[in-house]
Every structure is written in C-alpha cells, then in structure tokens.
C-alpha cells in the first residue's frame, strides 16, 4: 500500500511529487481533494494541512508534509538509491536548491500572477501590473540557466528538472509559446523523455487547460 497523497488534478505542484515518487519507486495512494467545493477547508483536511492547500503527503510514520518541492526532496532523501537527483555535494546541492527556489518563488509565482486571476474566482482582483512581461522575464531567466547546460542545474538531470517540467507543462497548457526560448524548448524535449511519469505530467497539463473552459 502506498503513501497517502492528497492531490488536485491540474496542479503542477502535485505533478512534481508524482513524478519524483515515480523516479524513486514510491507508490502513492492518490486522494483527490476538490478545492472548488471546499473539501480543503474541512476539519479533517485542515488537521493534515493547516494551510488548506495541495499537495499533502502522509509519511509512513503518519506525519503530514506540505509544499511540493519539500515533499519531493524528502522522497529522494528517504527512498532514492543514490544522490543523483539531489546531490550531496554542497555546491551541486546549492545550485539545485537555487533552481528549486527559483521555480517555486519566481517562475511558478509569475505564472500564477499572469493566469490565475483569469481562471479562479479567489484570485480575481489580484491583478499584477505587467504580469505578462514579468512571466516572460522569468522564462528568460530559465533560458539563461540552460545556456550551455543540458539540464536546469548543469550537466546532470536532477529534481530541479522535475520541478521545472511541471511548471513549463502548465505554461504550455496556457498556450505560452516556449519556442521563443530555444534553450527551454530543447531542454523540455530532452527532459520529458527521461522523466518517469511524464505522461502523468501531461495529464495534469490537460486538466489545467480545462480551467480555461
């Protein structure tokens, strides 16, 4: 029996965890949470995640973990057979961490700023000035990180690629054209064929597209 994992179809953060779990051979017991009907606000879910967000993972010890990148790192450190996805070398790990934090705090956040006010009632009124330009700048940063590098954190494939793939897949679902960023487009084509569970990532992208109606 797998670890209980609370998800929302169409969620890039949920996809990050699912692809990482696949990469390290961990089975997940998927438990959909319907944010649109308020399931995430029920007392039983708030006990698991006081931030009433997805995803949430329950460990073998019964501890609830939140925040997708943190969960992904936990799964690697707990279950991976080696450190290739999350290197132990301090410098390599620092670069991977920077890319993870960039994906969460800059790239994905600017995706939210650009598209969520158009899609979700709870985000209406949160219009960010110049959101389109800010998003393009963030994708440009990713393009720069990939200049001369096969993968997001350098020459080796890591969890930073898994995380970034989920975000870029959501961008594509929003009809954002990554072909204007040749390094990103080339990396996307390389990374998707070696990422376990990428078909699930595409399914999340397709589910996100449905939010556009």
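Residue numbers (the numbering used here): -4 to 208.
Idealized CB from N, CA, C, for every residue including glycine.
7 angstroms CB neighbourhood of residue 11 in its chain, flanking five on each side removed: 63, 64, 67, 157, 158 and 161
Short check: CB of residue 60 to CB of residue 69, under 8 angstroms? yes
Segment contact flag, the segment 113 to 131 with the segment 145 to 156, C-beta cutoff 8 angstroms, min 3 pairs: no
On a Cα-Cα basis, can you pick out the residue from 2, 18 and 182 that is closest to residue 191? 18
So, for residue 122: in the same chain, excluding its five sequence neighbours on each side, which residues have a beta-carbon less than 7 angstroms away from its beta-carbon? 112
Please classify residue 20 as buried or exposed, where buried requires at least 16 other C-beta atoms within 10 Å of its C-beta. exposed
Taking Cβ positions, are residue 50 and residue 0 nearer each other than 8 angstroms? yes
Run the CB neighbour count on residue 163, radius 10 Å, all protein chains shown included, and call it buried at 16 or more, exposed below. buried
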